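Notes to accompany the following structure.
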Amino acid sequence: MENISSKNEYRCSHCNKLFFKGVIEKGEIEIKCRGCKNVDTVKINKSDTEDPPEEDLEKI
Ligand SMILES: [Zn+2]
């Protein structure tokens, strides 16, 4: 069973039009909105989106 819902959606911060969907670990993308012509910069840091580490497993 594939979990396709794990893809993130990236939207225009101005008009909320969908730019693209995907999974990006880290990067910075400049994209021009086809709806409102706003040029938006999407910054992605994997550490912002990944699940928090299960620190309880480290307990002795
Ligand atoms: Zn827009």
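Per my numbering, residue 28 is the first one in the sequence shown, and the count goes up by one each step. Heads up, the beta-carbon is just placed ideally off N, CA and C, and yes, glycines get one too. Please read these numbers as outputs of a predicted model, since none were measured by experiment.
Exposed unless 16 or more other CB atoms sit within 10 angstroms - verdict on C39: buried
Have a look at K34, K73, C60, I51 and flag the residue whose alpha-carbon is nearest the alpha-carbon of N43. C60
Per DSSP, R36 forms a beta bridge with which residues? The sequence as given places Glu at residue 36; Arg does not occur at that position. BP columns for E36 point to K48.
Any chance the CB of G62 is under 7 angstroms from a heavy atom of ligand 1? yes
Could you give the distance in angstroms between the alpha-carbon of I58 and the alpha-carbon of F46? 8 angstroms
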